[in-house]
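Worksheet: the structure to be examined is printed underneath.
Number of protein chains: 2
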Amino acid sequence: MSTRNVYLSNMPLDEAKKLWRGTLEQKGFFSKNSIEVIGVDDSLYRITAEPVFAKRSSPSYNAAAMDGIAVHFSDLTGASEASPIRLRDDKFIPVNTGNALPEGCNAVVMIEDVHYLSDTEVELHMAATPWQHVRTIGEDIVATELILPEGHRVRAIDQGAMLATGVVEIKVQRLPKAHVIPTGSELIQPDQQPTAGQIIEFNSRILAGYLNEWGALATRGLPVQDDPEKLKKSLLEAAAENDIVILNAGASAGTRDYSAKVLAEVGEVIVHGVAIKPGKPVILAMIGDTPAIGLPGYPVSALLTMKVFIQEMITTFLGKGLPKVKTIEATLSRPLHSPMGVDQFVRITLGKVGKNLMATPSGKGAGAVMSLVRADGLLTIGAGNEGIGAGEKVQIELLRSEREIDATLVCIGSHDNILDLLANHLHKQRPIVRISSAHVGSMGGIMAIRRGEAHIAGSHLLDEETGEYNVSFIKRFLKDIPLQLINLCYREQGLIVAKGNPKHITGFKDLVENKLTFINRQNGAGTRLLTDKILSDEGIDSTAIAGYDHEEYTHMNVAASVANGSVDAGLGIRAAANALDLDFVPVAEERYDLIVPAQFLNDPKIVTVIDLIKNNDEFKNAILALGGYNLLDCGKVMYDQQ
Amino acid sequence: MSTRNVYLSNMPLDEAKKLWRGTLEQKGFFSKNSIEVIGVDDSLYRITAEPVFAKRSSPSYNAAAMDGIAVHFSDLTGASEASPIRLRDDKFIPVNTGNALPEGCNAVVMIEDVHYLSDTEVELHMAATPWQHVRTIGEDIVATELILPEGHRVRAIDQGAMLATGVVEIKVQRLPKAHVIPTGSELIQPDQQPTAGQIIEFNSRILAGYLNEWGALATRGLPVQDDPEKLKKSLLEAAAENDIVILNAGASAGTRDYSAKVLAEVGEVIVHGVAIKPGKPVILAMIGDTPAIGLPGYPVSALLTMKVFIQEMITTFLGKGLPKVKTIEATLSRPLHSPMGVDQFVRITLGKVGKNLMATPSGKGAGAVMSLVRADGLLTIGAGNEGIGAGEKVQIELLRSEREIDATLVCIGSHDNILDLLANHLHKQRPIVRISSAHVGSMGGIMAIRRGEAHIAGSHLLDEETGEYNVSFIKRFLKDIPLQLINLCYREQGLIVAKGNPKHITGFKDLVENKLTFINRQNGAGTRLLTDKILSDEGIDSTAIAGYDHEEYTHMNVAASVANGSVDAGLGIRAAANALDLDFVPVAEERYDLIVPAQFLNDPKIVTVIDLIKNNDEFKNAILALGGYNLLDCGKVMYDQQ
């Protein structure tokens, strides 16, 4: 244990990039064997490595451009309606579009203008001009002219142009071969059932997917066990056969430490440790003249680090220069702090609410692959920057199209499982409406509406004095904002307990009496208020409940804590208990409403949502199937504040 | 001949689309067998046909989020620098990132904060909080939660998320199978040498390329000869095995007429003839419940018609709704007329000159595949519109990225073969500079500069009185525009004649005396002025030259006319004669300059061009290799108008 190499360098990103680029150039990475000859039929989306010139003219013969007859224009001199000219078939030849113009002819008369007197004689009422309705040789392109420049990405139309001019093979940039080696004895394949401590090997699939998207030809190896000798063998084999080798540590036993050691033994470690977040422990090494990169184990770190160091290697190899980044300007909704000297990459959720495009940092854990699935963009905070204030304009690198962002309904507030269903049903609409939901509790939703950052907010805040839901909170915090409060459902809240309720829990009192453990919801959550109201009604001191201070953010996370045995009970909705096949002890029925500012009521996205909850029986049946819901007032305006 | 079906209907596009859509819906095209189950590993870029829910939580066990030791937080209560706490190895267990948290532990202390006293004892200087540095079960996503909605295009990160949560198979939209049948006895394969009347079959490659790009699984058949029985057999076979059958007539003998007849025999013709330009003769038919579309033979017509009728079929089949069209607003540089009642699609060249994005109609012939290669966008003129005036704002559908358009140098004016070389050398630069050149003659270039539509113009206008090139024309037509006149080259002009000069041509006099045929250049071309000056100097009457009225627009087209024997001679540059291996009778040396408005002299694109012509020896050597050039003043400012 004590011999473990805990420290690694913390090289500034700029310096690491420069050093790495210099090494790659010195080793000839960008130039070696980078061209191959392929058939035009196989060249779609490839990058030309030389200009392509026409081998033949197009058309390569004088061709009829219309169906009709071929003539010599001088035979029709003076023809008119008043004095038509007749030609016998030694003076005309029927042609169809594309036919070669017969010897001695220099014009085509369209079939519509030809009056057949017999099969061998025609009458014409108009003079012709030389070369009318004829596509002359080289009209489109003349042999030797440029079809495509070097460095051009071949499209299907380009393939057509090359074939039309007799070009059947071209030189293109060879695709760099990249090989991903996953390491870690704990890795299993997707079709195996993991036991505790095992994880499904999915990182290499993510990495290979993006490598291919960036233009490489990526392959994946089988996971290598935590054994330096096996790893050495894999690395040497991969380096011999590929242009780029990627080692992905897996969330494994000290892998990242011995990865560097092994890389140093089979090659040369150029950089180990860069001042970026996430991604600090990255290893940039060379095995002979093959670059080998050791990526951190967490999927988010691995992918972002690969973007930083490998994407540009591939595009430059392909002669495409810097990768193209699509950015958009947005307003940061929360302050972001960043350590000086570190380049930080922050996952961002974007929401266009009214005229504001708001950027909200999302996803903290580097292990959280869902946070990247849900992210709309990335924000880079440079090393010289200590942070960015709320309200500041930031440039966000888009991970989705702008069109998708525009079509996104921003829903911030209390969590309910219906929101997942809603997201899916909205996605079936044409045009598609996406939903981006942040689960920050009912009060968090009200505050987001106040700041103009959400289209809708789910809320179930019980006013202990009036016994009414949401309205008094709206009057207090949103009094200047015209809005409607629209009911989504009534839902059962209760104690979520283990399957079969082995501890025989009937209510909060049992938790205290039998010293059972509880998991709470965060402050500002409607469910937290409900917990507190019940405790107060039943005269229970919250400090008497073990786990009252331990908070989770969603019903599903509360249910998950019960399901994995961490706690005995938590307050949540029946749908969450049902989803994880747990038992449920009802405690209360509560109202869950959506707050919608009046300015969005005519937004097509909101119109779609309201139509869905009011009128879509398939959607309503899906809700009822979750269990614990009452849709008596679903879609009804409970309060209208103008 | 006389029985040929010349007429077809001229149905308005809207009506045709509605009728076709109705037929497809009625035949169940969009719903039949449209879902398939595939492995997540194979699902990249596919569209989900059902929402995807997590099968397992992620993480699926409580996991160490850091390398360090696992402890129970209560064992560290009160620990501080002043009063450290020591633990023996019955109270801590070493863990690495990703390890399952051992039974009885609920926190992890980072390795950096652990002071090993021995292998069995550690000292800690800080208290711990419960669950610190632990990724709890379901922290990322809880089993049963939504990972991906229906209708989502799977990305590599989504594959990772699915695998991480135990999802190994998903339902996706099946890709529609499209089969392209090229028809025409005149079609040959790319590796064969065409004789007059034969054409290389390239349309099916273009069509299949775009079908795949739009999301279909496209295959191509071998060309079917012009034989109705063979065509029937191919159509029936293709309809039995595919979702969409596409018949592409080839520029062939009346194919489009008997295509409709054959389609009517094996199925039902829904529409034949739509009021669109190009693409009027399109046939929309059903063979059983398989749509079969007969496309016009010309590549441009075929592709545009396919875009109009088939792209949306595919995207709707895939549940993606209307195809996404990227448009940009531009100013039309020339008036465009369009027949009432016809939807017209116009190929457009875009050029950003100063602040103006100018849209210039390009490419007339539907057979001109290069016109689509060169096009930057498409303009649709609706059926209710008789035309659009110059200077009007129009929406252009982009065929290239905006980034490429921005990087495009617009060069309008006289044609010289050096421009092809320039285009290629510019493409090698990083960042890439594209060149879009329109060959409209020297005067056309001067007018484009005057209207602010070009960055540079190539010009070789000889003032007969002063004997000087270009300057007097600039003073007359561009007097208010600050600019520089920069020399590109001196070049030999002469009579381009057949290989070996079989007619023994020594000058224009021989053309008259021996009644040989000539091909001229258009009015406004510098070469036309040179022709006229020589004729005047030599006292030759232009009407005495056969072919003086027959005009071509570029040196290469003049050379091509000589090469294919249409004419005996034409005036042009030596490089054009050399390119097509023709003989050349020198007549004059002339100066060819570039006109560059001063406002663009600091534009990075122009800076790159000027640097290239001044300093790049590889470029200069390539020019000299073309033959007939003198680079004495290359890059020199010949006239500076401030």
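Protein sequences appear in the order of chains S and R.
The working numbering applies: residue 494 is where the first sequence begins, and numbers increase by one.
The working numbering applies: residue 494 is where the second sequence begins, and numbers increase by one.
We put the beta carbon where it would ideally sit given N, CA and C, even for glycine.
Quick one, which of the options has its alpha-carbon nearest residue i's?
i	options	result
R:C598	R:I967, R:H618, R:Q625	R:Q625
S:V615	S:D1104, S:T1047, S:L569, S:G653	S:L569
S:A732	S:Y751, S:W707, S:E761	S:E761
R:S678	R:K670, R:R867, R:Q691	R:Q691
S:A742	S:L796, S:L955, S:K886, S:T783	S:L796
S:P774	S:I786, S:G781, S:A671	S:I786
S:T842	S:M851, S:V835, S:D836	S:M851
S:T1020	S:H932, S:L914, S:G515, S:L811	S:H932
R:L825	R:G1000, R:P854, R:I737	R:P854
S:F1112	S:L1009, S:L1004, S:K1026, S:C982	S:C982
R:V607	R:N592, R:P595, R:D560	R:D560
R:I663	R:M603, R:V647, R:L1064	R:V647
R:G1017	R:I939, R:Q682, R:S930	R:I939
Answer with yes or no whether the minimum CB distance from residue i to chain S is below 7 Å.
i	result
R:M1049	yes
R:S930	no
R:A744	Low confidence applies here, because R:A744 scores a pLDDT of 35, under 50, leaving its location unreliable; read the following figure in that light. With 7 Å as the cut-off, R:A744 counts as an interface residue toward chain S.
R:G690	yes
R:S553	yes
R:G631	yes
Does the Cβ-Cβ distance between residue i and residue j come in under 7 Å?
i	j	result
S:H918	S:F1093	no
R:V530	R:L641	no
R:G1121	R:E985	yes
R:A572	R:A649	no
S:E1055	S:L1075	With the sequence shown as reference, residue 1055 of chain S is identified as Val, and Glu is not the correct amino acid for it. Yes, Cβ-Cβ distance for S:V1055 and S:L1075 is below 7 Å.
S:I1116	S:I821	no
R:P716	R:L668	no
R:V673	R:P721	no
R:V926	R:A900	yes
S:I1099	S:I942	no
S:D1133	S:S952	no
S:A768	S:P505	yes
S:L1009	S:D1061	yes
S:A1185	S:S550	This structure cannot speak to residue 1185 of chain S, because chain S is shown only from 494 to 1135.
S:N555	S:T629	yes
For residue i, which of helix, strand or coil comes out of DSSP?
i	result
S:Q837	strand
S:Q637	With the sequence shown as reference, residue 637 of chain S is identified as Thr, and Gln is not the correct amino acid for it. Note: S:T637 maps to coil in three-state DSSP.
R:S745	Low confidence applies here, because R:S745 scores a pLDDT of 40, under 50, leaving its location unreliable and the question unanswered by this model.
R:K467	Since the displayed chain R opens at 494 and closes at 1135, residue 467 of chain R lies outside it and no answer follows.
R:Q804	helix
S:E722	helix
R:Q685	coil
R:D507	helix
R:H765	strand
S:Y751	helix
S:N498	Summary for S:N498: the model assigns pLDDT 43, below 50, so the residue's position carries little reliability; its value from the coordinates is reported in the next sentence. S:N498 falls in the coil class under three-state DSSP.
S:R514	helix
Anything in chain C within Cβ reach of residue i, meaning under 8 Å, just list it in chain order.
i	result
S:Q652	In the displayed structure, chain C is absent; the protein chains listed are S and R.
Just checking: is the beta-carbon of residue i within a distance shorter than 7 Å of some beta-carbon in chain R?
i	result
S:P832	no
S:L537	yes
S:S502	no
- request: May I ask you to list, following chain order, the residues of the stretch 848 to 879 of chain S that have a beta carbon less than 8 Å from some beta carbon of chain R?
  value: Within the stretch 848 to 879 of chain S, G858, G860, A861, V862, M863, S864, L865, V866 place their CB atoms closer than 8 Å to a CB of chain R, listed in sequence order.
message: For the stretch 667 to 684 of chain S, list every residue whose C-beta sits within 7 Å of some C-beta in chain R, in sequence order.
response: E679, P683, D684
message: Please identify, using Cβ separations under 7 Å, the residues of the stretch 903 to 923 of chain S that lie next to chain R, in order along the chain.
response: D913, A916, N917, H920, K921, R923
task: Report the residues of the stretch 1015 to 1044 of chain R with a CB closer than 7 Å to any CB of chain S, ordered along the chain.
output: H1043
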